[in-house]
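A.B. asks: Just passing along the structure, written as structure tokens.
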Amino acid sequence: MDISEGSVFRRTTPGKIVETASVLSIANDSVGIPHVRFRVHYERVDTADELRTLALAAFSELFNERVLA
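In this text, residue positions in the sequence shown follow the numbering used here: the first is 2, and each later residue adds one.
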């Protein structure tokens, strides 16, 4: 899966909450493991967006549905 800055992905949690992740940046850590920094939006009115960082492999497993603009 091609993950790059500006890409948007979506997933539905086991609790049926839809999370939409907007990729802000991708960078390697001190040992060379790529990490994705992203903003996640929850499809609920009462929850604010959050900034998160995950290893690229973990991100691609969780957020495997690309959202086209």
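Idealized CB from N, CA, C, for every residue including glycine.
Measuring alpha carbon to alpha carbon, tell me which of Arg12, Leu55, Ala28, Ile27 ends up nearest His42.
C.D. replies: Arg12
A.B. asks: Between the Cα of Ser26 and the Cα atoms of Leu52, Glu66, Glu44, which residue gives the shortest distance?
C.D. replies: Leu52
A.B. asks: Which of helix, strand or coil does DSSP assign to Ser26?
C.D. replies: strand
A.B. asks: Under DSSP, the alpha helix (DSSP H) around Ala59 begins and ends at which residues?
C.D. replies: 57-63
A.B. asks: Using DSSP with H/G/I as helix, E/B as strand and the rest coil, what is Leu52?
C.D. replies: strand
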